[in-house]
Amino acid sequence: MLIPTDLTSFLDLIRQHGDAAYTFLFAYAASHSLLFGLFAGYAAHAGALKVGTLVIVFWVGSFLGDAVRFYVGRRYGPRLFKQWPRIERLVNIAAKLTDKHAVLMVLFHRYPHGIRGVAAFAYGLSKLTWPTFLALNFVAAGLWSGAVVGAGYAFGQVSEKLMNDASSGLGIVTLVVFLGLSWILSKKLEKVVEDSAPAANSKSTLR
């Protein structure tokens with residue numbers, strides 16, 4: 001199998017191996033990968049993937065990913081993160097915010113970079129019950145799935161007006177810029193979340 005050298009060839013490769021692509025995206029949906037979701041939506045607009053299937057794949061993958069992290073956080077507790085200070089700090093922040101804004105945290109934690117991969121661990125350490133978490137998580141995963149796939153699809157519609165075909169240099173540059181700006185916005189959201197959390201103690205210990 002030849003390695004694609006342009007966007008059109010890459011989209012054709014996805015089109016030819018749809019099942020493998022959905023499996024790959026399912027795995028990344030569990031980590032709430034924003035950039036993969038946006039690109040998948042773009043690929044759907046190009047006809048390489050199906051929008052409905054994508055939304056379901058991202059919905060289920062995201063839901064199950066957080067359910068597993070919630071279980072791990074509840075089962076193994078704070079000791080799990082002692083050897084990873086960076087993760088421990090992020091879990092501390094998410095745990096503090098969950099104590100005050102549990103519903104908002106579950107609904108929106110998928111969007112800020114950094115927080116989205118660890119927040120469910122903190123929910124497992126919180127007072128959230130399994131039924132409440134699962135209900136909120138189900139709704140939040142659906143909203144996130146529709147949002148990222150829809151945004152990528154909408155970008156495909158806009159970019160189509162800027163180029164004649166997907167293999168043009170302008171198309172590739174536009175896609176890279178779009179994904180880059182999305183990543184920057186995600187990082188900015190992470191900073192806002194961190195600033196809104198109560199100051200962690202000097203030892204950055206979990207409760």
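Positions 1 to 207 (UniProt numbering) are the ones given, in order, by the sequence shown.
Where a beta carbon is used, it is the ideal one built from N, C-alpha and C, also for glycine.
query                                                                                                                                                                                : result
With contact counted as at least three CB pairs below 8 Å, one residue from each stretch, are the stretch 26-40 and the stretch 141-152 in contact?                                  : yes
Under 8 Å: do the stretch 74-81 and the stretch 56-63 share three or more Cβ pairs, one atom per stretch?                                                                            : no
Can you say whether K96 is buried or exposed, counting buried as having 16 or more other CB atoms within 10 angstroms of its CB?                                                     : buried
Between which two residues does the alpha helix (DSSP H) harbouring V91 extend?                                                                                                      : 85-108
Exposed or buried, what is L104 when buried is set at 16 or more other beta-carbons lying within 10 Å of its beta-carbon?                                                            : exposed
With distances taken between CB atoms, is the gap from Y42 to G114 smaller than 9 Å?                                                                                                 : no
Could you work out which residue in F70, A46, P112 is closest to K127 when comparing CA atoms only?                                                                                  : F70
Say whether the stretch 133-140 touches the stretch 21-34, bearing in mind that this needs 3 or more beta-carbon pairs closer than 8 Å, one atom from each stretch.                  : no
Of all the options E88, A120, A46, which has the alpha carbon lying nearest to the alpha carbon of G73?                                                                              : A120
Looking only at C-alpha atoms, which of K50, H32, K100 sits nearest to Q16?                                                                                                          : K50
Please classify T129: does DSSP put it in a helix, a strand, or coil?                                                                                                                : coil
Considering just the uninterrupted stretch of the alpha helix (DSSP H) at R116, what are its terminal residues?                                                                      : No alpha helix (DSSP H) contains R116, which DSSP labels as neither H nor E.
Is A145 helix, strand or coil by DSSP?                                                                                                                                               : In the sequence on display, residue 145 carries Ser and not Ala. Helix, per DSSP.
Hey, quick one: how far does the alpha helix (DSSP H) through G73 stretch, first residue to last?                                                                                    : 51-76
So the alpha helix (DSSP H) H45 belongs to, where does it begin and stop?                                                                                                            : 34-45
Since L80 is in the alpha helix (DSSP H), which residue starts that stretch and which ends it?                                                                                       : L80 -> no alpha helix (DSSP H), and no H or E assigned at all.
Is V55 close to chain D? Criterion is C-beta to C-beta, closer than 9 Å.                                                                                                             : No chain D is present in this structure, which holds just one protein chain.
Can you tell me whether I31 is helix, strand or coil according to DSSP?                                                                                                              : Note that residue 31 is Ser in the sequence shown, not Ile. Correct three-state label for S31: coil.
Give me the residue from R86, I87, T23 with the minimum Cα distance to I56.                                                                                                          : T23
Please work out which residues of its chain come closer than 7 Å, Cβ to Cβ, to L11, disregarding the five sequence neighbours upstream and downstream, and give them in chain order. : A43, A46, A48, A166
Around the Cβ of G52, are there at least 16 other Cβ atoms within 10 angstroms (buried) or fewer (exposed)?                                                                          : exposed
Which residue wins for smallest C-alpha separation from V139, given the options A20, L54, L64?                                                                                       : L64
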